[in-house]
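One structure is given here, and the rest of the page talks about it.
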Ligand code: ADP
């Protein structure tokens, strides 16, 4: 299997910078200050910890009075309790700020995904990163929150390391070198051990599947008859023995690796302690080191490797978290191919309205090699009713997505009254368009709000007219609260459910409610029964009055009421004309129409070939 290892765009410094900036910007600076306080408190606690016993021992050595001894013990205990209390209190408070930072990042990601150019949503790279970014904000252990623990740990270990270096500064450099080398080696061994199972994961899973199949699936009653009738038992028993043998051999290897790792680790600790003991005993003999000083040095030597391992562990975690945070940053900064607020306002509509023109338009989907549309020239005149037909996959929907400005042509231009829509404010352009697409979503709101696509500013007269045109009035009148009836059962228990056909009509009403110049209907009758479909055709003139409309359908009969039909084939406009003209021309359109007519005449016995 080919594994692609791509380098992250942003390194650890940049991702940490991003987190600090975000906390700062959303006024959660306390997250940073609390982190630093915790570092100081915890290192302080550790220092008090290593000084307690040597401190008391030193008091005993100088034969301090009972009062002084009690005072020393109380002092140490008091400071430890104070630091511990402060640390617990501070880390509790930390949670709120960290949570706010994480949810703010989630908010930014959701905003980006909701406002980004439609075209970005089709790019695999964007999709993958957006998913990773959302996952990174789901729980508090995820990098957008967990990184604070890592940073705190890293700073704490670095601070501890520095303080211990100072404490050991009187010692021989050789001692420090031995401790350092044994700590780093120990860390590497642990890392290698933890990775052993990960590296042999495929093998482990294969064993699990095999033994699982043989011990569970094969015992199912369905197989009982086969085992008896075909005499499978000895064969299965042999398979089972083999599987268990392989499994045990694998476990032995795993345990062997762990065992050797543990032995090496133990030897390292022995080496480290042996060198420390030898060195410190030498100091006792040579320089008359006191018992308390011996104890203190020994604690420092033991703790030193803890800091070193801590630094390496935290750096490793930070590296992993940083890779994910880099994806979060990349999503947020993903380039926007469309112009929105910074685009030009729409050109004046003129007396007749807008003319939309496709000029030598070719389009290849992101991550695809073959163009879906090639060199398409098309003029959509104001008020014209255009039908776009063709077999499945001919590129009808793609053509409409280009007309609507959801995609930009790979080559060529889409012009609104002669102006390239790439220069325009894309949201203003969307303002001229109303549509029924093939995939739709009902909002968890009332019927009226679904038609008006607003919960506050609803023109009820227009809502009624749109519902009437879409053939939905009868259905709505039968509902308990009419237009105020709630939709979407997943959210409201009392909501009603619309059938597929009714939902499609609701979408049609919604498209008709919006006072837009261009009406796009992509297979708007796909979920309707033939009677309802015929009604839509009959009302089509009324629906599209005063608007330019594009009607996509794979049902060729639906094109009769359109001014012009374009037949798409092989990514090109293969034929253009009225329905009658195209039938008379005897080309691809005529052939498809003939097949469909036969299908309907014969009651669906012949398969529709598109
Ligand atoms: P139609 O509407 O005529 O059925 P479409 O415009 O939906 O055709 O699709 C035209 C071609 O583009 C099809 O071959 C389809 O597989 C391909 N296509 C559609 N959407 C995508 C996409 N997001 N990524 C890659 N290819 C796509």
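In the working numbering, the protein residues as written are 241 to 850. Backbone N, C-alpha and C define an ideal beta-carbon position, used for all residues, glycine too.
The criterion of a C-beta distance shorter than 8 angstroms is not satisfied by residue 811 and residue 649. Per the CB criterion, closer than 5 angstroms to any heavy atom of the ligand ADP, the qualifying residues run in chain order as 362, 605, 608, 612, 632, 633, 634, 635, 636, 637 and 638.
Within the same chain, 698, 700, 703, 723 and 724 come within 8 angstroms of residue 688 by CB-CB distance, once the 5 residues on both sides are set aside. Excluding five sequence positions before and after residue 286, the CB atoms of its chain that fall closer than 8 angstroms to its own CB belong to 400 and 543, given in chain order. Residue 327 holds the alpha-carbon nearest to the alpha-carbon of residue 279 among 366, 670, 327 and 367. Shown here for residue 493: not one same chain residue has a beta carbon closer than 7 angstroms to its own, the five before and five after excluded. Here residue 807 carries a strand assignment [DSSP, helix/strand/coil]. Residue 774 sits away from residue 744, with the two beta carbons spaced by 8 angstroms or more. DSSP links residue 603 through a beta bridge to 613.
The three-state secondary structure of residue 682, taken from DSSP, is coil. Look at residue 369 here: in three-state DSSP terms it is helix.
For residue 625, the enclosing beta strand (DSSP E) starts and ends at 625–630. The C-beta distance from residue 601 to residue 633 rounds to 18 angstroms, too long to meet the 8 angstroms contact threshold. In terms of Cα proximity to residue 388, the closest of 730, 562, 613 and 356 is 562.
At the C-beta level, residue 806 and residue 641 stay beyond 8 angstroms of one another. The alpha-carbon separation between residue 257 and residue 754 amounts to approximately 45 angstroms.
Using a 10 angstroms sphere on the CB of residue 762, the tally of other CB atoms reaches 16 or more, which defines it as buried. In the three-state DSSP reduction, residue 667 falls in the helix class (H, G or I). The beta-carbon separation of residue 628 and residue 790, rounded to 6 angstroms, stays under the 8 angstroms limit for a contact.
Counting C-beta pairs with one atom in each stretch, the segment 533–540 and the segment 548–561 have fewer than three that are closer than 8 angstroms, which means they do not touch.
Nearest Cα to residue 646 within the set 667, 658 and 657: 667. Distance between residue 281 and residue 734, taken at the CA atoms: about 55 angstroms.
A direct Cα-Cα distance of roughly 51 angstroms separates residue 764 from residue 252. The distance from the Cβ of residue 312 to that of residue 558 is about 40 angstroms, inconsistent with a contact at the 8 angstroms cut-off. In the three-state reduction of the DSSP assignment, residue 293 falls in the helix class. Between residue 377 and residue 338, the C-beta spacing is not below 8 angstroms. For residue 362, the three-state secondary structure derived from DSSP is helix. Per DSSP, the continuous alpha helix (DSSP H) segment holding residue 519 begins and ends at 473–527. Counted as a single uninterrupted DSSP element, the beta strand (DSSP E) harbouring residue 788 occupies residues 788–792. The C-beta distance from residue 426 to residue 508 rounds to 5 angstroms, short enough to fall under 8 angstroms. For residue 817, the pairing in a beta bridge is given by DSSP as 805. Here the alpha carbons of residue 428 and residue 384 stand approximately 27 angstroms from one another.
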